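Numbering (my numbering), first residue to last: 27 to 193.
We put the beta carbon where it would ideally sit given N, CA and C, even for glycine.
Predicted model, so just to flag it, every value in this text is computed and none were measured.
Here's the structure, in structure tokens; my notes come after.
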């Protein structure tokens with residue numbers, strides 16, 4: 027399965043897609059996502075499932091079923107947009123609360139014996155080299171923390187170029 031997480035307006039994204047694609051899960055802002063409260067309920071009370079029931083409670087499980095994750099986000103000071111960041115925060119149930127040391131760094135253990143390819147498409151006008159380097163570093167860290175099989179980071183001056191690349 028392929029998963030796309032984006033921060034685009036619903037109508038804007040719908041205009042990109044000619045028809046619903048089979049075996050593609052699209053995560054977008056429907057206005058109901060709540061912020062992660064840091065309660066760790068997804069680790070303790072309901073392992074693997076967020077205790078906030080707002081339609082985004084199964085993000086960890088969805089990641090465990092995808093082979094390819096594509097993120098489309100406005101680049102905000104070298105990071106993701108608030109919606110994308112919130113979805114990624116709500117995906118913490120993808121990993122376990124226990125730790126392991128990899129390359130001298132502490133990381134969470136895998137919950138699922140699964141890996142996916144990660145591609146991030148940042149868009150925005152006048153991105154600085156510092157913002158782009160920060161974004162690359164962030165995506166690399168996310169890739170390691172989510173046990174992905176590598177990552178690709180792209181920068182686009184407009185949404186139109188993102189559409190052309192992904193078409």
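- 8 Å or more divides the Cβ of residue 55 from the Cβ of residue 27.
- Between the region 176 to 187 and the region 121 to 139 there are fewer than three inter-stretch CB-CB distances shorter than 8 Å, so the stretches are not counted as touching.
- The DSSP assignment places 131 to 136 and 143 to 149 as complete runs of the beta strand (DSSP E) inside the region 128 to 169, in order along the chain (cut-off: 3 residues).
- In terms of Cβ geometry, residue 175 and residue 98 do not form a close pair [threshold 8 Å].
- Secondary structure at residue 46: coil, using DSSP grouped into helix, strand and coil.
- Spanning the alpha carbons of residue 157 and residue 146 requires a straight line of approximately 14 Å.
- Scanning its chain for C-beta atoms nearer than 8 Å, with the 5 sequence neighbours on each side dropped, one finds around residue 61 the residues 112 and 115, in chain order.
- Taking residue 75 as reference, the option from 121, 46, 37 and 101 with the minimal CA-CA separation is 121.
- Taking one beta carbon from each stretch, the region 159 to 174 and the region 89 to 103 have 3 or more pairs nearer than 8 Å; the two touch.
- For the pair residue 110 and residue 33, the CB atoms are nearer than the 8 Å cut-off.
- Looking from the CA of residue 87, the closest CA among 188, 136 and 152 belongs to 136.
- Residue burial annotation: residue 150 is buried, with at least 16 other C-beta atoms found within 10 angstroms of its C-beta.
- Rounded to the nearest angstrom, the Cβ distance from residue 80 to residue 63 is 12 Å, too far for a contact under 8 Å.
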